[in-house]
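Notes for the one structure printed next.
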Amino acid sequence: MIIRSLKVTNFRNYDKVNITLGSKMNIFIGNNASGKTNILESIAILGLTKSFRNGLDCDVIKFNKKKAVIEGRILNNKQIKDLKIEFFEKEKNIYVNSKKIKKYAEYISNLNVVIFTPVDLDIIKGSPSIRRNLLNVTLSQISYSYLVTYNEYNKILKTRNEYLKILYTNGIADKTYLDVLTDKLVEKASVIYQARYNYLTKINTYISGIYNNITSDDKIIRIEYKPNIIINSYELKNLKNALVNVYKKNYKRELQAGMTLFGPHRDDFCFYIGNDTDMKIYASEGQQKCAVLAYKLSSIPIFKENNGTNPVLLLDDIFSELDLNKRNKLLKYVNEDIQSIITTTDLKNISKNNLKNAVVFKVDNGKLERS
Ligand SMILES: Nc1ncnc2c1ncn2[C@@H]1O[C@H](COP(=O)(O)OP(=O)(O)OP(=O)(O)O)[C@@H](O)[C@H]1O
Ligand SMILES: [Mg+2]
43 MIIRSLKVTN FRNYDKVNIT LGSKMNIFIG NNASGKTNIL ESIAILGLTK
93 SFRNGLDCDV IKFNKKKAVI EGRILNNKQI KDLKIEFFEK EKNIYVNSKK
143 IKKYAEYISN LNVVIFTPVD LDIIKGSPSI RRNLLNVTLS QISYSYLVTY
193 NEYNKILKTR NEYLKILYTN GIADKTYLDV LTDKLVEKAS VIYQARYNYL
243 TKINTYISGI YNNITSDDKI IRIEYKPNII INSYELKNLK NALVNVYKKN
293 YKRELQAGMT LFGPHRDDFC FYIGNDTDMK IYASEGQQKC AVLAYKLSSI
343 PIFKENNGTN PVLLLDDIFS ELDLNKRNKL LKYVNEDIQS IITTTDLKNI
393 SKNNLKNAVV FKVDNGKLER S
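Given below as structure tokens:
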């Protein structure tokens, strides 16, 4: 899919912008604080309804204004869709072809995005919740049923946690209701485990090739899925049995903790390089950046396989920490049959050949100019 045009109104440091994007590479070039990440952010929000930046939805509204709007025209398999998101101080409205959409799940596949921003450098060394969030964002775009199951899982989890607390403080409460909740939770949990395992297994078939392509290395990069229960097989039946047994065995522990201690909400995964070297402990900044980039780029063929179309690739400030050779290799890699939005402060020493399909926009203090 590609974004034909983008319009933002009172968004961050922009008053009004209306641009036609190139169907291949789009480069936004400008000084620090000129508005490059803001443009990329507007596209990310159009895809996911939420920003990758921390803070409130209404933070995107330009200072002293009441309403921000992001609009985009998306072309996917010869079909055009007009997406629009309006932000007010206390609410946001989402529209597809002028029709208001109430549920996030009904909106989410209209614009698939794969995003890399400098914050993603925390993926390898940061907390497990960052990595779980990453899995959820991608899997929700790839599979509607994953998104629905994940939402249901969270609802049941919340109820189960509340009930564990009630059971603990009120010893005579009925345990059979907990068993009902556990059965429901196990049903959803096993589907999530399986989807995440299958996804990471696929990522592993691509990640080393892409990493080595960018770095000119010859290394094996491997992702290892690390659920907090022992799983011998990812068949649904086996997953359910494993979970049921864990909950049975740990009933007293969970009761005392007043919460569900096992399940996909405690998942993690790790990056390894070469012969099982944990990247969390040993990887350099550049190695981390390339591994995370390779991880993100590995999701592109999986999008294509599942959704029949490439996502739009958003790369914020990709050149910092990369030496010249890697910058050119990365651009060469991205220069394929995919629309990309790239931000950078300069294009020094970038080979002309890598820019031949590129549309370049100059960003200057909230103004955009196609050059
Ligand atoms: N709600 C808002 N209203 C007005 N201006 C805002 C708002 N939110 C952020 N800004 C401003 O937008 C400007 C541009 O931010 P942006 O992150 O896009 O810069 P950038 O070009 O990516 O810079 P860098 O190269 O340093 O990453 C900043 O000066 C910031 O203060
Ligand atoms: Mg920026």
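When we follow my numbering, the leftmost residue of the sequence shown carries the number 43, and every step to the right adds one. For each residue, glycine too, the CB sits at the ideal point set by N, CA and C.
Notebook entry, point to check: Quick one, are the C-beta atoms of residue 370 and residue 393 less than 8 angstroms apart?
Noted result: yes
Next item on the list: For my contact list, residue 4 and residue 372 are in at a C-beta cut-off of 8 angstroms; report their separation, rounded to the angstrom.
Entry: The structure shown has nothing for residue 4, since the chain only spans 43 to 413.
Margin query: Using a Cβ distance threshold of 8 angstroms, determine whether the segment 241-248 contacts the segment 280-289, with at least three qualifying pairs required.
Written below: no
Notebook entry, point to check: Just the Cα atoms here: how many angstroms apart are residue 123 and residue 137?
Noted result: 10 angstroms
Notebook entry, point to check: By Cβ distance below 7 angstroms, which residues in the same chain neighbour residue 231 in space, the five residues on each side in sequence not counted?
Noted result: 195, 285, 305, 306
Note to self: I'd like to check one pair, residue 66 with residue 385: are the Cβ atoms closer than 8 angstroms?
What the structure shows: no
Next item on the list: Check whether the Cβ atoms of residue 110 and residue 52 sit closer than 8 angstroms, and answer yes or no.
Entry: yes
Next item on the list: Could you tell me how far apart the beta carbons of residue 330 and residue 166 are, in whole angstroms, since I believe they sit closer than 8 angstroms?
Entry: 5 angstroms
Item checked: Test item, CB below 5 angstroms from any non-hydrogen atom of ligand 1 -> 54, 55, 74, 75, 76, 77, 78, 79, 80, 104, 105
Next item on the list: Work out the CA separation of residue 184 and residue 63 for me, nearest whole Å.
Entry: 24 angstroms
Margin query: Taking the straight line between their C-alpha atoms, what separation do you get for residue 364 and residue 186?
Written below: 36 angstroms
Next item on the list: Whole angstroms is fine: what's the gap from residue 383's alpha carbon to residue 76's?
Entry: 16 angstroms
Next item on the list: Ignore the nearest five residues each way along the sequence and tell me which others in residue 224's own chain have a CB closer than 6 angstroms to its CB.
Entry: 289
Margin query: Can you tell me whether residue 403 is buried or exposed? The criterion is at least 16 other CB atoms within 10 Å of its CB, across all chains shown.
Written below: buried
Item checked: Beta-bridge partners of residue 69, as assigned by DSSP -> 384, 402
Next item on the list: May I ask you to report which of helix, strand or coil DSSP gives residue 313?
Entry: strand
Next item on the list: Report the residue ranges of all beta strand (DSSP E) runs contained in full by the segment 44-121; include only those spanning at least 3 residues, in chain order.
Entry: 44-53, 56-62, 67-72, 110-118
Notebook entry, point to check: Closer than 7 angstroms: is that where the CB of residue 124 sits relative to any heavy atom of ligand 2?
Noted result: no
Check: Does the count of Cβ pairs from the segment 155-169 and the segment 313-326 closer than 8 angstroms reach three?
Finding: yes
Item checked: Whole-number beta carbon distance between residue 269 and residue 235, since they are thought to touch under 8 angstroms -> 6 angstroms
Notebook entry, point to check: What do you reckon, are the CB atoms on residue 340 and residue 180 nearer than 8 angstroms?
Noted result: no
Checklist line | For residue 346 and residue 158, believed in contact at Cβ under 8 angstroms, the rounded distance | finding: Not confirmed; about 18 angstroms, so no contact.
Item checked: Other residues of its chain near residue 273: CB distance less than 6 angstroms, five sequence neighbours each side excluded -> 284
Check: Going by alpha carbons, who is nearest to residue 237 out of 277, 254, 389?
Finding: 277
Next item on the list: Hey, could you find the ends of the beta strand (DSSP E) residue 264 is sitting in?
Entry: 263-267
Next item on the list: Identify which residue in 126, 102, 107 has its Cα closest to the Cα of residue 88.
Entry: 126
Notebook entry, point to check: When DSSP builds the beta bridges, which residues end up paired with residue 129?
Noted result: 110, 134
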